[in-house]
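Residues -10 to 250 in this note's numbering are what the sequence shown lists, from first letter to last.
Here the structure is laid out as structure tokens; the discussion comes afterwards.
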Amino acid sequence: VDRRLCSVRRACTYLNLPRSTYRYAPKRLTDRQEQLYQRVIALSWHHPRYGYRRIRALLAREGWQVSRKQVQRIRRREGLKVREKPKKIPRRGISTGLPTQATHRHHVWTWDFIFDRTDNGGTLKMMTLLDEYSRPSLAIQVERQITGAEVLRVVEQAMIHYGVPGYIRSDNGPEFIATTVQQWLNDNRIKTIYIDPGSPWQNGYIESFHSRFRDECLSRELLLNLREAQVVIADWRQHYNEDRPHSRLGYLSPEDFIHTK
């Protein structure tokens, strides 16, 4: 066609191609649309584990009027799809003697440990403390080792800042079942809920938090030493509490959810 050896009509007929398709020229994006396009890409690169719903929530927070389909279309065009994780086989287990789901703030707290390593091979032991109702991270204590006394110090500081919980749920780790810890909790009228041995799914809230923590922070950051780990993790905890949209909270951050109550 470009060399004028045949007409457009004949070429389209031969290729079984509608002439409207041949003559179609995509519309150029407006400046506003281009800004939105680039913002979706930037947020997706900055938060590689966020899907299009969470990216849209961040855009809405910035004042953008955008549908989920628009965000999904842009991300798909740029190949910005979150890698799917293999499905886990559901574990069987019956929780007995556990309280009902938390119905208000400070009804049930949950705590546990998660481990990682610095770049030089040193162990990082992190104690995490979470409110099961409003989901804020009440504390992430990062040390090389954490004793029962340190556990109590972290909980005491959280109680001073947030209030006193009715229950604390945990596994049967030695730091949590220590006599001094149980006595201290009893003195403060805090009931303990110990899950069955080998049943982490009974402590689902903290397990889910650990999954996000590892996926969005620990697996992304190269932690050179203990001090750097403490700073990086403190920054992520602040982001989690104040900015990160939480799907179970209507895509509000834990802090925003608390302020709506």
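Where is the CB? At the ideal position from N, CA and C, for every residue including glycine.
Boundaries of the alpha helix (DSSP H) in which residue i is found, first to last residue
i: Ile182; result: It is not in any alpha helix (DSSP H) - Ile182 instead sits in the beta strand (DSSP E) that spans 180 to 183.
i: Arg42; result: 41 to 50
i: His36; result: Neither: His36 is in no alpha helix (DSSP H) and is coded neither H nor E.
i: Glu196; result: 193 to 202
Distance CB(residue i)-CB(residue j) smaller than 8 Å
i: Val153; j: Ile179; result: yes
i: Tyr156; j: Val221; result: no
i: Pro125; j: Pro243; result: yes
i: Thr117; j: Ile129; result: yes
i: Arg17; j: Arg8; result: no
i: Ile103; j: His36; result: no
i: Thr290; j: Leu207; result: Residue 290 is absent from the model: the chain starts at -10 and stops at 250.
i: Leu113; j: Ala46; result: no
i: Glu205; j: Arg38; result: yes
i: Tyr41; j: Arg21; result: no
i: Tyr194; j: Arg43; result: no
i: Trp100; j: Leu141; result: no
i: Arg158; j: Ser123; result: no
i: Ser33; j: Leu69; result: yes
i: Asn109; j: Asp160; result: no
i: Val60; j: Val29; result: yes
i: Ile63; j: Tyr3; result: no
DSSP beta-bridge partners of residue i
i: His235; result: Leu241
Residue i - DSSP class collapsed to helix/strand/coil
i: Cys(-5); result: coil
i: Glu23; result: helix
i: Trp53; result: coil
i: Asn175; result: helix
i: Leu211; result: coil
i: Ser9; result: helix
i: Pro189; result: helix
i: Val60; result: helix
i: Val71; result: coil
i: His248; result: helix
i: Arg17; result: coil
i: Gln90; result: coil
i: Gly82; result: Low confidence applies to Gly82: its pLDDT is 30, below 50, so where it sits in the model is not reliable enough to give any reading.
Continuous alpha helix (DSSP H) assignments of at least 4 residues falling wholly in the stretch 92 to 172: 137 to 151, 163 to 166
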